[in-house]
Amino acid sequence: MRKTLTILAVIASVFAIIFSVLPISNLAIFPAIAALLFSGGAYYLGKKTGKVKKLVQFSFLLTIMALAVTTYKAAFTVTEVENTEALEAKEEEFEEAAIEELEGLEIDIDESELGGLEIDDSEIEALEIDDSQVESLEIDEAELENIEIQADEIIESEIDASELENIEIE
408 MRKTLTILAV IASVFAIIFS VLPISNLAIF PAIAALLFSG GAYYLGKKTG
458 KVKKLVQFSF LLTIMALAVT TYKAAFTVTE VENTEALEAK EEEFEEAAIE
508 ELEGLEIDID ESELGGLEID DSEIEALEID DSQVESLEID EAELENIEIQ
558 ADEIIESEID ASELENIEIE
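Count the sequence shown with the working numbering and you get residues 408 to 577, in order.
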């Protein structure tokens, strides 16, 4: 058991040293804690039998060094955000290029492909239209001549008296 704990302690302390020098140095804490636990267990079992190996002490030393490097990097390394304006400008440039590319595409759609397209009427009925948008709407007289109104649509619609006053009949 002592040998197993010693081997695990050395492996964990080596991982702690490796992680502490990498940019992910904050993750070195986990193998360092594991190395301390394994080293402590190996030291305790070695002390019981009277055979404390130098490898257990070396594992402690590696773990302490890893924790020191990790603490130093966490305390004195400042994360700075570089000039984000250049990144934003590049992002807008890519977006404009993508829009131009999409506009340049010519997509031919046959009406047979649209035959299976269904529109839910409940969504259309729930649309809210702002009165200011309706006032600025321009309708061509030629379009009005082509409109067909069914009798049941006229019966179902509500007409205010104020709307009747503004109707001009030619």
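For every residue, glycine included, the Cβ atom is placed at its ideal position computed from N, Cα and C.
Between the beta-carbon of Leu462 and that of Val421 there is about 12 Å, and that puts the pair past the 8 Å contact cut. In this structure Leu412 does not touch Leu469 by the C-beta definition: roughly 15 Å separates them, more than the 8 Å allowed.
Rounded to the nearest whole angstrom, the CA to CA distance from Ala482 to Ile436 is 14 Å. Gly457: not part of any alpha helix (DSSP H); DSSP gives it neither H nor E.
Counting only the Cα atoms, Lys497 lies some 12 Å from Ala505. By the 16-neighbour rule on beta-carbons within 10 angstroms, Phe501 is exposed. For the 7 Å CB-CB criterion, Ala449 and Ala423 do not form a contact. A direct Cα-Cα distance of roughly 20 Å separates Tyr479 from Ala419. For the 7 Å CB-CB criterion, Ser427 and Ala473 form a contact. Of all alpha-carbon atoms in Glu495, Ile414 and Glu510, the one lying nearest the alpha-carbon of Leu444 is that of Ile414. Secondary structure of Pro430 (DSSP, three-state): coil. Rounded to whole angstroms, Lys454 and Ile471 show a C-alpha spacing of 21 Å. DSSP places Ala504 inside the alpha helix (DSSP H), whose first and last residues are Thr491 to Gly511.
Here the C-alpha atom of Gly447 lies approximately 50 Å from the C-alpha atom of Leu494. The beta carbon of Leu434 sits closer than 7 Å to the beta carbons of Phe426 from its chain, once the five residues preceding and following it are set aside; these are given in chain order. Judged by DSSP in its simplified three-state form, Val485 adopts coil rather than helix or strand.
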